[in-house]
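Take any residue in the sequence shown, count from 1 to its spot, add 126: that is its number in my numbering. We put the beta carbon where it would ideally sit given N, CA and C, even for glycine. Nothing here was measured: the structure is a model prediction, and the numbers come from that model. Below is one structure, written out as structure tokens; comments come after it.
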Amino acid sequence: MPSESRRRARTYDPDRTWGALTAQVGHVRTAVRGLTGEQWKWPAGLPGWDVRLLVVHVLRQVQAIRLVLDKPAPAPGAPVLGPDRWALSTGGIADRLDAGTREQEARTEDPLAALEQEADALPALREEAVRTDRLVPSPFGAMRALDFTVTRLVELVVHSDDLARAAGVEVGLDRQAVAAAVRVLADALAVKAPGNSVEVRVPPYAAVQCVAGPRHTRGTPPNVVETTPATWLRLATGRTTWSEELAAAHLSASGERADLAPHLPVLG
């Protein structure tokens, strides 16, 4: 199998990943079922998007699993990306993703019905979607099927939070799904800002070292950032800013190199 172009090889459990995926899709489906006519028109918190567009975008994330499994395998020797490199690459196709979402929204009569249909089709995809020995295509290169499924967890968790804030509804968050999303985005930060001078902690899910500079060898590192999973996800995806969260005391940062603002967001 082609060598993987990433800094570290974090592994994900197939059963936990699939369980988290189906649980998070279920949480989103429940929330969307409860939307009123007016809520579909409310701003989604993303530039130019309303809640209807956001739901169609979520639909596309679920649908993507079936679509990539239907596509031909990548050419032999294609570079294999992990979820961390995927996260860093998405900003480069933001315009394409926006256009694709708008095109699909225009031809989708009932986003809820379409989401229900894709959700009901998921069980038949499980065996192939969590394989580690099968490569599937992505816009940025080949990915292992399981790793691609992990990226859908990131999308679902991030957009579940978007939906909850935009529509004022409760959207459940599966613990394993949140854990995967936090870890993917923490690993992406470590790739984007390589080094060992800062330790970023997002308990209880992740701790990574990043940012070039002196490396500590024992005890507490001189530069430490710690925050909650919710705040980290919003920082890593550009939903909020470093200065806003620091001022609100939603994160702690100690040490002269502990300013992560130049390295955020990591997911476009």
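Grab me the residues of Ala305's own chain with a C-beta within less than 6 Å of its C-beta, minus the 5 sequence neighbours each way, in chain order. Correct list, in chain order: Tyr331.
Considering Ser378, what are the terminal residues of the beta strand (DSSP E) in which it resides? Element bounds for Ser378: 377-380.
Classify Gln187 as buried or exposed, calling it buried when 16 or more other Cβ atoms lie within 10 Å of its own Cβ. So Gln187 ends up on the buried side.
Within a Cβ cutoff of 7 Å, which residues of the same chain sit near Arg252, ignoring the five residues on either side of it in sequence? Residues of the same chain with a CB within less than 7 Å of the CB of Arg252, apart from the 5 flanking positions on each side, are Trp144 in chain order.
Cβ shell of Ala319 (< 7 Å), same chain only, five flanking positions each side left out: Scanning its chain for C-beta atoms nearer than 7 Å, with the 5 sequence neighbours on each side dropped, one finds around Ala319 the residues Cys336, Val337, His389, in chain order.
From Ala199 to Val262, what distance separates their C-alpha atoms? Each residue's alpha carbon lies about 6 Å from the other.
Rounded to the nearest angstrom, what separates Ala149 and Asp300 at their Cα positions? Each residue's CA atom was taken as its position, placing Ala149 and Asp300 some 6 Å apart.
Ser264, DSSP secondary structure in three states: DSSP places Ser264 in strand when its eight states are reduced to three.
Taking C-alpha atoms, which residue in Gly174, Ser286, Trp212, Val206 lies nearest to Ala225? The residue with the shortest Cα to Cα distance from Ala225 is Gly174.
What is the residue span of the beta strand (DSSP E) that Val328 lies within? Run containing Val328: 324-328, per the beta strand (DSSP E) assignment.
Unbroken alpha helix (DSSP H) run spanning Glu352, endpoints: No alpha helix (DSSP H) holds Glu352; the beta strand (DSSP E) holding it covers 349-353.
Take Val334 and list the residues in its own chain whose beta-carbon comes closer than 6 Å to its own, dropping the five residues that flank it on each side. For Val334, same chain residues with a beta-carbon under 6 Å away, outside a window of 5 residues either side, are Ala312, Ala316, Val326 in chain order.
Inter-residue Cα distance where the pair is Gln230 and Leu214: Roughly 25 Å separates the two Cα atoms.
Backbone CA spacing between Pro169 and Ser286 [nearest angstrom]: As the crow flies, the alpha-carbon of Pro169 is around 15 Å from that of Ser286.
Just reading off the beta strand (DSSP E) that Val334 is part of, what are its end residues? From DSSP, the beta strand (DSSP E) with Val334 extends over 332-336.
Determine the direct distance from the alpha carbon of Gly394 to that of Gly218, and round the result to whole angstroms. Straight through space, the alpha carbons of Gly394 and Gly218 are spaced by roughly 8 Å.
To the nearest angstrom, how far is it from the Cα of Asp221 to the Cα of Arg228? When rounded, the distance between both Cα atoms is 11 Å.
Should Glu164 be labelled buried (16 or more other beta-carbon atoms within 10 Å of its own) or exposed? Using a 10 angstroms sphere on the CB of Glu164, the tally of other CB atoms stays under 16, which defines it as exposed.
So what does Pro169 bridge to, in DSSP terms? The secondary-structure analysis by DSSP pairs Pro169 across a beta bridge with Asp176.
Measuring CB to CB, does Leu272 end up less than 7 Å from Val256? Val256 sits close to Leu272, with the two beta carbons spaced by under 7 Å.
Span separating the alpha-carbon of Phe266 from that of Pro249: Cα-Cα distance, rounded: 27 Å.
Output the distance between the C-alpha atoms of Arg133 and Thr277, rounded to the nearest integer angstrom. For Arg133, the predicted model reports a pLDDT of 48, less than 50, meaning its position is unreliable; a value from the coordinates is still stated below. Cα atoms of Arg133 and Thr277: separation of roughly 17 Å, rounded to the nearest angstrom.
Less than 7 Å between the C-beta atoms of Leu377 and Thr363, yes or no? In this structure, Thr363 does not lie closer than 7 Å to Leu377 by Cβ.
Work out the CA separation of Glu382 and Val194 for me, nearest whole Å. Approximately 44 Å, taken between the alpha carbons.
Extract the residue ranges of the alpha helix (DSSP H) inside the stretch 292-317, only unbroken runs of 4 or more that lie entirely within it. DSSP runs (the alpha helix (DSSP H)) wholly in the stretch 292-317: none.
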